[in-house]
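Asker: Dumping the structure here so I can ask a few things about it.
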Amino acid sequence: MVRVESDSAIILRVKGPLEFRCVLDSTDAAHMQKIISRTFESLRSQVKSDSCVLAACDSPVIIWPNKDVYEEMTPDASCEDVFQRTQTDEQETSGRRSAKNKNKKGLAASVLNFSLMMEVTRPGPLLAPVLSKTVQKSHFLSTTLPVDCVVRSSCNNTIKDACTQLLEAMTHQLFEMEKVTLQHMKGVTLLIPEPLHFLLPEPNGLVTVVFPAGVSDKELETQRRELHQGFGLPDDWPYFRRTNAYHFPNEPYKDGYLRNPHTVLTHPTLDNGKVYLVQGIYSYHHYMQDRVDDNGWGCAYRSLQTICSWFQQQGYVERCVPTHREIQQALVDAGDKQASFVGSRQWIGSIEVQVVLNHLLGITSKIMFVSQGSELASKGRELANHFLTEGTPVMIGGGVLAHTILGVAWSETTGQIRYLILDPHYTGGEDLQVVTDKGWCGWKGPEFWDQTAYYNLCLPQRPRVI
């Protein structure tokens, strides 16, 4: 594994395929291990050879790190110089970014991406091919290793020194891949070693771990427990499940949903106040998504989907986020609704959300009853404790409206409180700037709630599993 400190000024990442090929003359275990180890050693030699090439993505910068050859850049150029070059070229090809989005991203979250390539041509005179034929029984093993390394670097570090770090990281990762391959080999079948990056709580930062592809998280529990012990992590949060793998800022999610829009907001300032937030990743679900016209009746369904996405993306459950119809069918199967409810446009509330979470995901929830909205201002301690200990999104329903609470800013001394609200009534596209600028995700005061309406809050409880 490789650790990258989270307070780094810049992250350098290199991705690319390395072709793994070897011939086994025998299925003897010792023989196979020897050949496989020899093949990995050959791959490490390729990384250290003159044919190794690092091409900066979205840029004409190409580097032969083992030959000290740099195109469009000098060896003593800083990492920041190279990063700015990639940003300039990206803007020229994809249009100018808004200054606001650029400032939100910040250089502290910058990733400088490289593609790993190998030169095929060799220097020297060309030789005529020679063909030979040998008849024998053997096993030919062939796969593609998905190299994916990250290293931390100072912005002022030279690109030459940073490339040296990358080469060391690739060499180390190939050792880890060899270990995983030999450990999980089944006969003459190779399980592809898969590098994954995880962002751990301070002071650990970004960590790379190699897992065997095709082996479930449950089967890897022993290895994950060892990782928890090694990094001093508690055993009640699934930090190293695959769905917890870190998504880099320039790497959009394939499903198109916005993730954690609240992270770009500025926290409110309260006298002697503290901020308590949702822990982990969730998707923003709202009206009119997924080609479903639920405008006017589906807000609680969308809030429930956001909660389900949290449990799925933290690795607690493998089930996909349920559709409106699946939610309705779950309520029928649980005995809460009649069969005619499926396919209807009937509202649901906090109690139904609790039932669905338990029926579909096996998640228990607490229900907080508030007789009128004016009393919500006094629930700061309970909500702060929820986000501190459970960290899950909270669904709140009152009257005909439902919202998702993602956190609170609360002062124990003055009683002041602000609520971080994710509003499922939004009907627009997945535009982070619109969502945050227009307040669809934003901090709200106690006046946000109908002061005379009653409210039920569904507080999902987090399973204590590794």
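Residues in the sequence shown are numbered consecutively from 1, following UniProt numbering. From the three backbone atoms N, C-alpha and C, an ideal C-beta is built for every residue, glycine too.
1. Please check the pair T306 and V188, which I expect to be a contact at CB under 8 Å, by giving their CB distance rounded to whole angstroms.
2. Could you tell me which uninterrupted alpha helix (DSSP H) segments, each at least 4 residues in length, are contained entirely in the segment 353-403, listed from first to last along the chain?
3. Taking just the CA atoms, how far does R345 sit from R325?
4. Could you have a look at P446 and say whether DSSP puts it in helix, strand or coil?
5. Just how far apart, CA to CA, sit Q313 and C299?
6. Please say whether V275 and H285 have beta carbons closer to each other than 9 Å?
7. Comparing C-alpha positions only, which one of Q183, V14, Y301, N204 sits nearest to Q33?
8. Between the beta-carbon of L24 and the beta-carbon of I35, is there less than 9 Å?
9. Can you say whether G232 is buried or exposed, counting buried as having 16 or more other CB atoms within 10 angstroms of its CB?
10. Exposed or buried, what is P195 when buried is set at 16 or more other beta-carbons lying within 10 Å of its beta-carbon?
11. Give the DSSP bridge partners of M118, in chain order.
12. Once the 5 residues before and after F311 are set aside, which same chain residues still bring their CB inside 7 Å of it?
13. List the endpoints of the continuous beta strand (DSSP E) containing K70.
14. What residue range does the beta strand (DSSP E) around L12 cover?
15. With distances taken between CB atoms, is the gap from T406 to L357 smaller than 9 Å?
16. Check whether the Cβ atoms of F20 and T144 lie closer than 9 Å to each other.
17. Considering only residues of the same chain and omitting the five flanking positions on each side of K48, which have a CB-CB separation below 8 Å?
18. Looking only at its own chain, which residues have a Cβ that is under 6 Å from the Cβ of C52, when we skip the five neighbours before and after it?
19. Report the partner residues of D148 according to the DSSP bridge assignment.
20. Could you tell me which whole beta strand (DSSP E) segments of length 3 or greater appear in the segment 135-215?
21. So for S132, helix, strand or coil by DSSP?
22. Among residues of its own chain, excluding the 5 on either side of A77, which ones have a beta-carbon nearer than 6 Å to its beta-carbon?
23. Closest to G399 by C-alpha separation, out of S350, F211, G256, P460, would be which residue?
24. DSSP three-state label for Y301, please.
25. With DSSP as the reference, label W64 as helix, strand or coil.
26. From the DSSP output, read off the bridge partner residues of P460.
27. In angstroms, rounded to a whole number, what distance separates the CA positions of S365 and L206?
28. Would you say R464 and T392 are within 9 Å of each other, going by their C-beta atoms?
29. Just to confirm, are V292 and C308 a CB contact at a threshold of 9 Å?
30. With the cut-off set at 9 Å, would you say L112 and A30 are in Cβ contact?
31. Taking P460 as the reference, give the member of T389, T134, G429, T414 with the closest Cα.
32. What is the DSSP secondary structure of W237, counted as helix, strand or coil?
33. Starting from the Cα of P60, find the closest Cα among T39, V82, E41 and give me that residue.
34. Would you tell me roughly how many angstroms separate the C-alpha atoms of L401 and C149, rounded to the nearest one?
35. Can you grab the Cα-Cα spacing for the pair residue 497 / G16, in whole Å?
36. If we ignore side chains and look at the alpha-carbon of each, how far apart do I367 and F448 end up?
Answerer: Let's see:
1. Within the sequence shown, the letter at position 306 stands for residue 306. Within the sequence shown, the letter at position 188 stands for residue 188. With 8 Å as the limit, T306 and V188 do not qualify as a contact, their Cβ atoms being about 46 Å apart.
2. Secondary structure within the segment 353-403: the alpha helix (DSSP H) runs of 4 or more consecutive residues, fully enclosed, are 380-389 (chain order).
3. To locate residue 325, count along the sequence shown from 1; it is residue 325. To locate residue 345, count along the sequence shown from 1; it is residue 345. Using only the alpha carbons, I get a separation of about 10 Å.
4. In the sequence shown, the residue the question calls residue 446 occupies position 446. Reduced to three states, the DSSP call for P446 is helix.
5. The residue you call residue 313 lines up with position 313 of the sequence shown. The residue you call residue 299 lines up with position 299 of the sequence shown. Going from the Cα of Q313 to the Cα of C299 covers about 21 Å.
6. Indexing the sequence shown from 1 puts residue 285 at position 285. Indexing the sequence shown from 1 puts residue 275 at position 275. Not in contact: H285 and V275 (Cβ atoms no closer than 9 Å).
7. Numbered from 1 along the sequence shown, position 33 holds the residue referred to as residue 33. Of the candidates Q183, V14, Y301, N204, the one whose C-alpha sits nearest the C-alpha of Q33 is Q183.
8. In the sequence shown, residue 24 corresponds to position 24, counting from 1. In the sequence shown, residue 35 corresponds to position 35, counting from 1. The answer is yes: Cβ separation under 9 Å.
9. Numbered from its first residue, the sequence shown carries residue 232 at position 232. Around the Cβ of G232, a 10 Å sphere holds fewer than 16 other Cβ atoms; the residue is exposed.
10. Numbered from its first residue, the sequence shown carries residue 195 at position 195. Classification for P195: buried.
11. Within the sequence shown, the letter at position 118 stands for residue 118. DSSP lists C52 as partners of M118.
12. Sequence index remark: in the sequence shown, residue 311 carries index 311 (1-based). Result list for F311: V317, L361, I363, in chain order.
13. Translated into positions along the sequence shown, residue 70 becomes position 70. Correcting the residue type first, residue 70 is Tyr in the shown sequence and not Lys. From DSSP, the beta strand (DSSP E) with Y70 extends over 69-71.
14. Within the sequence shown, numbered from 1, the residue matching residue 12 stands at position 12. Per DSSP, L12 belongs to the beta strand (DSSP E) from 10-24.
15. Indexing the sequence shown from 1 puts residue 406 at position 406. Indexing the sequence shown from 1 puts residue 357 at position 357. Looking at the sequence shown, residue 406 is not Thr but Leu. For L406 and L357, no; Cβs fall outside 9 Å.
16. The residue labelled residue 20 in the question sits at position 20 within the sequence shown. The residue labelled residue 144 in the question sits at position 144 within the sequence shown. Against a cut-off of 9 Å, the Cβ pair of T144 and F20 comes out as a contact.
17. The residue labelled residue 48 in the question sits at position 48 within the sequence shown. Cβ neighbours of K48 beyond the five flanking positions: N66, L167, T171.
18. Indexing the sequence shown from 1 puts residue 52 at position 52. These residues qualify, in order along the chain: N66.
19. In the sequence shown, the residue the question calls residue 148 occupies position 148. Answer by DSSP bridge pairing, in chain order: K15.
20. 139-153, 193-200, 205-212
21. To locate residue 132, count along the sequence shown from 1; it is residue 132. Three-state result, S132: coil.
22. For the purposes of this step, residue 77 is taken as residue 77 along the sequence shown, with counting starting at 1. Excluding positions up to five away in sequence, the list reads I159.
23. Reading the sequence shown from its first residue, position 399 is the one you call residue 399. Checked all of S350, F211, G256, P460; the closest Cα to G399 is S350.
24. Reading the sequence shown from its first residue, position 301 is the one you call residue 301. In this structure, Y301 counts as helix in the three-state DSSP scheme.
25. Reading the sequence shown from its first residue, position 64 is the one you call residue 64. Three-state DSSP puts W64 in a strand.
26. For this step, residue 460 is matched to residue 460 along the sequence shown. According to DSSP, P460 bridges with S365.
27. Counting from one through the sequence shown, the residue named residue 365 turns up at place 365. Counting from one through the sequence shown, the residue named residue 206 turns up at place 206. About 32 Å.
28. As a first step, residue 464 is located in the sequence shown; it is residue number 464 there, counting from the start. As a first step, residue 392 is located in the sequence shown; it is residue number 392 there, counting from the start. No, the pair does not count as a contact, with Cβ atoms beyond the cut-off.
29. Here residue 292 refers to the residue found at position 292 of the sequence shown. Here residue 308 refers to the residue found at position 308 of the sequence shown. Against a cut-off of 9 Å, the Cβ pair of C308 and V292 comes out as no contact.
30. For the purposes of this step, residue 112 is taken as the residue at position 112 of the sequence shown. For the purposes of this step, residue 30 is taken as the residue at position 30 of the sequence shown. Against a cut-off of 9 Å, the Cβ pair of A30 and L112 comes out as no contact.
31. Here the question's residue 460 lines up with position 460 in the sequence shown. The shortest C-alpha separation from P460 is found at T389.
32. Position 237 of the sequence shown holds residue 237. If DSSP states are grouped into helix, strand and coil, W237 belongs with coil.
33. As a first step, residue 60 must be located in the sequence shown, where it is residue number 60. Answer by Cα proximity: V82.
34. Here residue 401 refers to the residue found at position 401 of the sequence shown. Here residue 149 refers to the residue found at position 149 of the sequence shown. Answer to the nearest angstrom: the Cα atoms are 46 Å apart.
35. Within the shown structure, residues of the chain are numbered from 1 to 466, placing residue 497 beyond reach of any answer.
36. Here residue 367 refers to the residue found at position 367 when the sequence shown is read from its first residue. Here residue 448 refers to the residue found at position 448 when the sequence shown is read from its first residue. For I367 and F448, the distance between alpha carbons rounds to 21 Å.
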